[in-house]
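Step one of this worksheet: look at the structure below.
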């Protein structure tokens, strides 16, 4: 059982160097009383007198103190080395980072993460896990994941998050739809038309609620779990849809043209965020990933689809 | 327990109309002996003499036969009505049809199915289920699905299938890749480069085996469950990939250009097929769906991405 602290050793070295408690206290930016107390505590902790205190507050090392000074210097150097290695390791982003990515965001975020975050940091061991936003957060709370890239709408109450990109929904219609030439529409203008739904749990649970709160009760006539199948059905005139992610080309996988319409008036947004668990001090790699996503999101919010130029 | 057959009734009506067994046999295109036998069998079945046979092979109805003639006419009309309803119902494609669709094919097939098969046949109650190709076939064998649209490589041994579209793999690289200007490559030219894998169970299990049999052992360095994330990673120069489905636009979701290269020499194909269970007589709606997919696939094989123009 070690009873002394590294702080006490640090002060002891300062006293030995300065030759007096008052000078060491001044150099260490603490009071003389605190420095004097620290020396008393250190001597009690090691069970030996290290210093001979003189009237004029000068000090001399005892024989034991002289030997201890040597050992203390070596120990402090070692402790600094250990600390330095920690810092260096954190500066080059080493260690494991398990990133969960909500499936709907995978196509938009995984490529830029791999190219601009994983690849330039070979010391990092990044694992990407794709899945449902809420399920991934559950896994994170159990300790299996470090972070989850998802929508703010899907956040569990127990997690922390940083919003990294805005996600305002838009209306998608076929290029030959009666409203396709417009740049924006009110949701109420579509109330009588068939809706093509993206049939994923988190979308289902959130989007329809969101649309109803925005005054539209969509007539869900068609649906698919595939984002591009939804776009394809819209392109074929089976109905309109409301989506958040925006591919750069308004053409379906069938080669049919689509038109994007902004939504006029208030509508619930579904921003993109990085969720993480509370911890006293998030690791450097976690903070680096948060910063990275924030930078990509800001560039995309500014109109750069790549988020990396 | 009914012992007579509709065929016997049909012949009995013919005999009553013609007034003789020989004339009725001629009209019905069977032999006199067969007609005579049919009348004997019918009388034995109903347990009563219906006809009085005369020497010149003329016949007269008994009193019981006269009453039976009326009932038989009514029953035959009813039976024809039932038959007619069956035909009509089958001609307008009524009834349930549960279609399984392998997830990777959803974006390419669900829109055209909904527009050109489901919507024009409102009497049909079509349910589309998306999932893993092998799992969907297992569900079909348990009776939960009628058909499964999948790859020939994923077929379970117990199912029947009809191939509807060819699926020759191709190489995808970034537009600034050293080989991007070529129209085709040998797989061996890519052996030293990183591979970006589409990490779906059926792809994993089949594609790598397929590529190894074609002489390439891919160095899988990156992967995603998302088709567009794979394309995005390729567009960012992280590696090449081998895919089968061909979206019409060679641009990733990040807005980065891609290049498609055909594969020179022999390579295992992964055709698209409709799997169904063996049954003595597949329903008209099942056959209609098989024909529909075959037509769409043939048009796509001929270069029409929509498969429906």
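Protein chains in written order, with the UniProt record's numbering: chain A, 1 to 309; chain B, 1 to 309. All C-beta atoms, glycine included, are put in the ideal place defined by N, C-alpha and C. All of these numbers come straight from a predicted model, not from anything done at the bench.
So which residues on chain A does residue i lean against when the C-beta distance must stay under 8 Å?
i: residue 251 of chain B; result: 248 and 249
i: residue 119 of chain B; result: 238
List, in order along the chain, the chain B residues whose C-beta lies closer than 9 Å to that of residue i?
i: residue 224 of chain A; result: 101, 106, 107, 110, 111, 114, 128 and 130
Residue i to residue j, Cα distance in whole Å?
i: residue 225 of chain A; j: residue 102 of chain B; result: 11 Å
i: residue 205 of chain A; j: residue 187 of chain B; result: 45 Å
i: residue 20 of chain A; j: residue 283 of chain A; result: 40 Å
i: residue 294 of chain A; j: residue 304 of chain A; result: 14 Å
i: residue 152 of chain A; j: residue 273 of chain A; result: 6 Å
i: residue 278 of chain B; j: residue 127 of chain B; result: 20 Å
i: residue 148 of chain B; j: residue 275 of chain B; result: 5 Å
i: residue 116 of chain A; j: residue 175 of chain A; result: 35 Å
i: residue 79 of chain A; j: residue 13 of chain A; result: 14 Å
i: residue 33 of chain A; j: residue 76 of chain A; result: 23 Å
i: residue 68 of chain B; j: residue 96 of chain B; result: 40 Å
i: residue 98 of chain B; j: residue 285 of chain B; result: 11 Å
i: residue 162 of chain A; j: residue 297 of chain A; result: 11 Å
i: residue 311 of chain A; j: residue 156 of chain A; result: Within the shown structure, residues of chain A are numbered from 1 to 309, placing residue 311 of chain A beyond reach of any answer.
i: residue 229 of chain B; j: residue 253 of chain B; result: 8 Å
i: residue 150 of chain A; j: residue 264 of chain A; result: 25 Å
i: residue 111 of chain A; j: residue 236 of chain B; result: 7 Å
i: residue 2 of chain A; j: residue 238 of chain B; result: 52 Å
i: residue 27 of chain B; j: residue 18 of chain B; result: 9 Å
i: residue 31 of chain B; j: residue 59 of chain B; result: 17 Å
i: residue 121 of chain B; j: residue 291 of chain A; result: 53 Å
i: residue 271 of chain A; j: residue 203 of chain A; result: 13 Å
Which residues of chain B have a Cβ atom closer than 7 Å to the Cβ of residue i, listed in chain order?
i: residue 228 of chain A; result: 107
i: residue 255 of chain A; result: 248, 305 and 306
What first and last residue would you give for the beta strand (DSSP E) that runs through residue i?
i: residue 224 of chain B; result: 219-224
i: residue 96 of chain A; result: 95-102
i: residue 125 of chain A; result: 124-131
i: residue 52 of chain B; result: 51-53
i: residue 114 of chain B; result: From DSSP, residue 114 of chain B is part of no beta strand (DSSP E); its letter is neither H nor E.
i: residue 272 of chain B; result: 272-276
Starting from the beta carbon of residue i, find every residue of chain B whose beta carbon is closer than 8 Å, and list them in chain order.
i: residue 175 of chain A; result: Ordered by position in chain B, no residue passes the 8 Å Cβ test against residue 175 of chain A, which lies about 14 Å from the chain.
Does residue i have its Cβ less than 7 Å from a Cβ in chain A?
i: residue 393 of chain B; result: The question about residue 393 of chain B has no answer, for chain B in this structure spans 1 to 309.
i: residue 232 of chain B; result: yes
i: residue 364 of chain B; result: The structure shown does not extend to residue 364 of chain B, since chain B is modelled only from 1 to 309, so the question has no answer here.
Would you say residue i faces chain B, with C-beta separation under 7 Å as the test?
i: residue 97 of chain A; result: no
i: residue 197 of chain A; result: no
I need the boundaries of the alpha helix (DSSP H) containing residue i, first residue and last residue.
i: residue 21 of chain B; result: 21-27
i: residue 7 of chain A; result: 6-18
i: residue 242 of chain A; result: Residue 242 of chain A -> not in any alpha helix (DSSP H); beta strand (DSSP E) instead, spanning 241-243.
i: residue 293 of chain B; result: 284-301
i: residue 155 of chain A; result: That residue, residue 155 of chain A, is in no alpha helix (DSSP H); it is neither H nor E in DSSP.
i: residue 246 of chain A; result: Premise fails: residue 246 of chain A is in no alpha helix (DSSP H) and is neither H nor E.
i: residue 262 of chain A; result: Run containing residue 262 of chain A: none in the alpha helix (DSSP H); it sits in the beta strand (DSSP E), 258-263.
i: residue 61 of chain B; result: Residue 61 of chain B -> not in any alpha helix (DSSP H); beta strand (DSSP E) instead, spanning 59-61.
i: residue 33 of chain B; result: 32-46
Using a cut-off of 7 Å between C-beta atoms, extract the partners of residue i located in chain A.
i: residue 142 of chain B; result: What residue 142 of chain B touches in chain A: nothing, since even the nearest Cβ is about 21 Å away.
Point to revise | Complete alpha helix (DSSP H) runs within the segment 161-238 of chain B (minimum length 4 residues, chain order) | key: 201-213 and 227-235
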